Amino acid sequence: MLLRLAILGMAFCSQVILTEAVLAQETGTSSASSQDVSALDIGRSLYFKGDYQGAYAAWQPLVDAGDARALYNMSTLYRRGLGVDADAERALALLTASAEKGFVEAQYLLASQQFEADITDEAARQAAVRWWLAAARQGHALSQYRLGLLYWNGDAVARDLVRGHAWMRLAADQEMEEAQKALATMDRYIDADQRSQSDRLAGRLVDREAVAERQAAAVESAPASAAVATPAPTPTPTPTPAPASAPAPSQEKPAMKKPVIEKPVEDVAAKEESPRNAQEDTQTPSPTTEMDFAQSWRLQLVALRQEADVEAQWRRMLADAPDLLGGLEHRIVAVTIAERGTFYRLQAGPFASRGDADTRCRALKAAGLACFILSPGR
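Structure representation (structure tokens):
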């Protein structure tokens, strides 16, 4: 019996990243001028104040210069008609230009739009796979997760359990909880030899240099101005009889719910908690002591190979967002993953509830920093 995995339910909301370190890495340049960074920051500030015409004016010179982030942000204004007349064609052109310059969030968003627009358009679906591959090779966890599902299910690509497992493992290694759950499910349906093949393949799938650059810049994001919602994976068993050594491709398509591409910025922070999360919030004691840190809601900000690099990254992040990180405790937690080695994870907190952690994580993403929410005891 072989399990198929589907994308259902809850959503990931990605946020805009506009920091100097990110610009230097994501635009493919060795450095970003302070003037460009200032223009991006000014535009972001104006955007969140509702001054969309002001944001447009701040970003337009950078768009003319071909800055990938400005192209991405400007595409949001045109897509949603903020400060300009809505123009889907112009928005798509700007988004595509950003993706072509290697900005992973543009690649991910473009792929998501192409893949979900028309499930009968095979050419568009193949183009989407190529964009997800481009982002996944740079270490983009959501793209790695989507590829994991595609290869596992044989959806838009030839079915390849080992490759699907390898992509899902890469996403899971970045503390993506839904990917970890999907990976655990996959593990029940492949043998030790296939897992060994997956381990070897995972090390070859990504561009290690690009991943290291993105980690050093603490990048794991998409624009808050776009607020793209992408369904998270929930394993859904649909057994398919097949030999354990060579499972036959299932003809059933994975259950899909079309992502909500547009979500107003003002709605992001007001996202309603699910009943389960609300119950968890009421049952989680307010963290007030040193011992409470690991038993509280926390944020993971980055995971790197060297402990000294993680500490240096914390100092940079604290300097970039003192209003968001100042006053929080931070911990560096060493985790050894079989055959992958030791990673040092930067965690910050504590928070009294999931809602508090979620609000802070969204604000950090909007400021250009990466984060995942960690539940108590995890």
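Residue numbers (the working numbering): 5 to 382.
Note that the Cβ used here is the ideal one computed from N, Cα and C, for glycine as well.
Because the structure is a prediction, the values reported are computed rather than measured.
query	result
Which residue comes first and which comes last in the alpha helix (DSSP H) that contains Tyr193?	Counting along the chain, Tyr193 falls outside any alpha helix (DSSP H), and DSSP gives it neither H nor E.
Taking 8 Å as the threshold, find out whether the stretch 321-340 comes into contact with the stretch 349-356 through three or more Cβ pairs.	yes
Terminal residues of the continuous beta strand (DSSP E) containing His334?	333-341
Any idea what DSSP makes of Gln304, helix, strand or coil?	strand
On the three-state DSSP scale, how would you describe Gln148?	helix
Kindly list the residues whose CB is nearer than 7 Å to the CB of Leu174, restricted to its own chain and excluding five residues on each side of it in sequence; keep chain order.	Gln148, Ala206, Leu209, Val210
Pick helix, strand or coil for Gly345, following the three-state DSSP scheme.	strand
Among the residues of its own chain, which have a CB less than 8 Å from the CB of Glu311, if the five just before and after it don't count?	Ile336, Ala338, Tyr348
Does Leu350 come out as helix, strand or coil in the three-state DSSP assignment?	strand
My output table needs one value for Phe355: the three-state DSSP class, helix, strand or coil.	strand
Using the C-alpha atoms, what's the distance from Leu99 back to Gly158?	28 Å
Helix, strand or coil for Ile123? Go by DSSP, reduced to three states.	coil
Relative to the alpha-carbon of Leu96, which residue among Leu113, Ser379, Gln198 has its alpha-carbon at the smallest distance?	Leu113
At which residues does the beta strand (DSSP E) containing Leu378 begin and terminate?	376-378
Nearest to Gly331 by CA position, among Arg83, Phe119, Arg364, Leu44, is which residue?	Arg364
The alpha helix (DSSP H) that contains Met78, what's its start and end?	72-84
By how many angstroms is the C-alpha of Ala140 removed from the C-alpha of Pro253?	Its pLDDT being 29, under 50, Pro253 is placed unreliably by the model, and the measurement read from it follows with that caveat. Those two C-alpha atoms are separated by around 24 Å.
Assign Gly143 to buried or exposed, taking buried as 16 or more other Cβ atoms, counted over all protein chains shown, within 10 Å of its Cβ.	buried
Would you tell me roughly how many angstroms separate the C-alpha atoms of Ala361 and Asp197, rounded to the nearest one?	40 Å
Using only CA atoms, which one of Ala132, Ala92, Phe297 lies nearest to Gln111?	Ala132
In the structure shown, what three-state DSSP assignment does Leu44 receive?	helix
From Ala160 to Arg150, what does the alpha carbon distance come to, in whole angstroms?	11 Å
Taking Ala374 as the reference, which of Leu146, Trp135, Pro65, Ala101 has the closest Cα?	Leu146
Just to confirm, is the Cβ distance from Met321 to Leu329 under 8 Å?	yes
Look up Leu373 in the DSSP assignment and say whether it is helix, strand or coil.	coil
Bridge partners for Leu113 per DSSP, in chain order?	Partner(s): none; Leu113 has no beta bridge.
Note down, in chain order, each residue of its chain lying with its Cβ closer than 6 Å to the Cβ of Ala74, except the 5 sequence neighbours on either side.	Trp63, Leu66, Val67
Restricting to Cα atoms, I'd like to know which of Thr124, Trp135, Asp91, Val88 is closest to Ser102.	Trp135
In terms of DSSP beta bridges, what is Leu165 paired with?	None; Leu165 has no bridge partner.
With distances taken Cα to Cα, identify the nearest neighbour of Ala69 among Leu44, Arg382, Glu126.	Leu44
Are Tyr155 and Glu109 close, meaning C-beta to C-beta below 8 Å?	no
Please report how far the alpha carbon of Phe376 lies from the alpha carbon of Gly58, in whole angstroms.	31 Å
State the start and end residues of the unbroken alpha helix (DSSP H) segment that holds Met321.	311-324
Please tell me whether Leu368 and Ala325 are closer than 8 Å, where the distance is taken between their beta carbons.	yes
Between which two residues does the alpha helix (DSSP H) harbouring Ala160 extend?	No alpha helix (DSSP H) contains Ala160, which DSSP labels as neither H nor E.
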